[in-house]
Amino acid sequence: MTPCQDTVIIEARNVSRQVTANGNIKKTVDNFSYAFHKGNIYNIIGPSGAGKTSFLRLLNRLDDPTEGKILYQNNRLESYQPTQLRKNISLIFQEPYLFPGTVGTNLEFCKSDCTQNEIKFHLERVGLNFQFSGKDVSELSVGEKQRVAIARSLILKPEVLLLDEPTAALDPTSSQTIERLLLSLIKEFCLTAIMVTHNPEQAKRMGGFTLLMVSGRLVEDGETAELLTNPKTESGQKYIRRELK
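Start counting the sequence shown at 355; every next residue gets the next number (our numbering).
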């Protein structure tokens with residue numbers, strides 16, 4: 355680990371979230387404990403309905419746990435104002451949501467005092483030239499919109515990127531382009547990335563560490579290459595055989 359990777363940045367301690375649907379009570383996240391270290395990549399995998407996105411939403415208080423606690427920089431998440439917390443822990447969605455208007459106004463919306471040089475810098479970091487700042491977002495491809503969404507997050511200088519299947523709406527070529535971009539940005543800015551993915555091959559390409567969730571529980575974790583080739587648990591073995599439903 356590099357020096358920045360020795361530091362725990364987010365820690366979940368016995369976290370659960372309970373919801374009621376159609377009169378039935380369900381734990382979407384069940385007694386989840388894990389420490390995320392600064393500057394690392396974490397993939398969260400598991401079958402559909404495992405609670406992956408439900409857990410991710412707890413990390414910047416889009417939802418709150420019903421049990422347990424989550425710490426950010428050793429302080430409980432509730433001690434932070436949600437708006438400030440979401441600048442530090444930024445969530446990028448599966449389908450990029452941009453505000454109506456130009457690319458430039460989208461970046462300015464998040465940081466009203468940002469300069470044209472800042473806009474140019476962050477667009478270039480995601481592989482877009484400065485001319486894109488004047489484009490209307492309705493003219494962009496899905497891949498370009500996702501790049502703008504990433505640039506919009508970066509302009510706030512977050513420490514953590516939460517990524518909810520960020521390439522699910524893209525074709526394979528565009529997906530791998532975004533993956534390479536994310537890997538470059540994570541290294542350049544020493545970001546912590548926590549990414550939900552339904553694709554184990556994507557997790558392998560991203561590397562880092564992988565967490566396997568089943569029925570709201572964290573059932574196995576480890577280095578990505580090891581977990582996805584030689585899992586230690588029965589659930590892990592079923593997952594790589596595609597037997598988990």
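Using N, Cα and C, we set each Cβ at its ideal position, and we do this for glycine too.
Limits of the beta strand (DSSP E) - the one that residue i falls within
i      : result
Leu515 : Val514 to Asp518
Gly576 : Arg571 to Glu577
His391 : Asn378 to His391
Arg367 : Val362 to Ala375
Phe563 : Phe563 to Val568
Leu425 : Glu421 to Tyr426
Asn397 : Ile395 to Ile399
Exposed unless 16 or more other CB atoms sit within 10 angstroms - verdict on residue i
i      : result
Arg595 : exposed
Arg506 : buried
Lys511 : exposed
Pro357 : With a pLDDT of only 47 at Pro357, under the threshold of 50, the placement of this residue in the model should not be trusted, and no figure is reported.
Asn584 : exposed
Asn368 : exposed
Asp418 : exposed
Asn471 : exposed
Glu462 : buried
Leu524 : buried
Asp384 : buried
Thr374 : exposed
Ser466 : exposed
Leu582 : buried
Ser529 : buried
Arg501 : buried
Thr420 : exposed
Host alpha helix (DSSP H) of residue i (start-end)
i      : result
Val496 : Val496 to Leu508
Tyr451 : Element bounds for Tyr451: n/a, residue is neither H nor E.
Tyr593 : Glu588 to Ile594
Asn460 : Val457 to Cys464
Leu598 : Here Leu598 belongs to no alpha helix (DSSP H), and DSSP marks it neither H nor E.
Gln470 : Gln470 to Arg479
Phe409 : Lys406 to Leu412
Asn483 : Counting along the chain, Asn483 falls outside any alpha helix (DSSP H), and DSSP gives it neither H nor E.
Distance CB(residue i)-CB(residue j) smaller than 8 Å
i      : j      : result
Ile473 : Ser487 : yes
Leu439 : Leu516 : no
Tyr388 : Leu572 : yes
Ile399 : Leu566 : yes
Phe447 : Asp360 : no
Cys468 : Ile532 : no
Lys558 : Thr578 : yes
Gly455 : Asp490 : yes
Leu413 : Ile364 : yes
Arg371 : Ser408 : yes
Ala366 : Phe386 : yes
Proximity winner among the options, relative to residue i (alpha-carbon distances)
i      : options                           : result
Lys441 : His552, Pro454 and Cys464         : Cys464
Val362 : Gly377, Glu574, Lys381 and Lys392 : Lys392
Arg415 : Gly400, Ile443 and Tyr396         : Ile443
Met549 : Phe484, Leu536 and Glu542         : Leu536
Leu452 : Arg534, Ala503 and Leu508         : Ala503
Pro526 : Lys499, Asn376 and Gln556         : Gln556
Phe390 : Leu524, Ala547 and Ser529         : Ala547
Phe543 : Leu431, Val514, Arg430 and Leu425 : Val514
Gln590 : Gly377, Glu365, Arg534 and Glu574 : It should be noted that the sequence gives Gly, not Gln, for residue 590. Nearest option by C-alpha distance: Glu574.
Gly576 : Ser433, Gly403, Leu545 and Gly562 : Gly562
Lys317 : Leu581, Gly570 and Leu431         : Given a span of 355 to 599 for the chain in the structure shown, any question on residue 317 remains unanswerable.
Val568 : Glu432, Arg501, Leu545 and Glu597 : Glu597
Lys406 : Thr551, Leu425 and Glu580         : Thr551
Pro554 : Ala522, Leu494 and Gln427         : Ala522
Lys541 : Val480, Asn394, Tyr426 and Gln435 : Asn394
Glu498 : Ala404, Glu580, Arg430 and Pro450 : Pro450
Any chance you could list the beta strand (DSSP E) runs of at least 3 consecutive residues sitting entirely within the stretch 516-559, in chain order? 546-550, all fully within the stretch 516-559.
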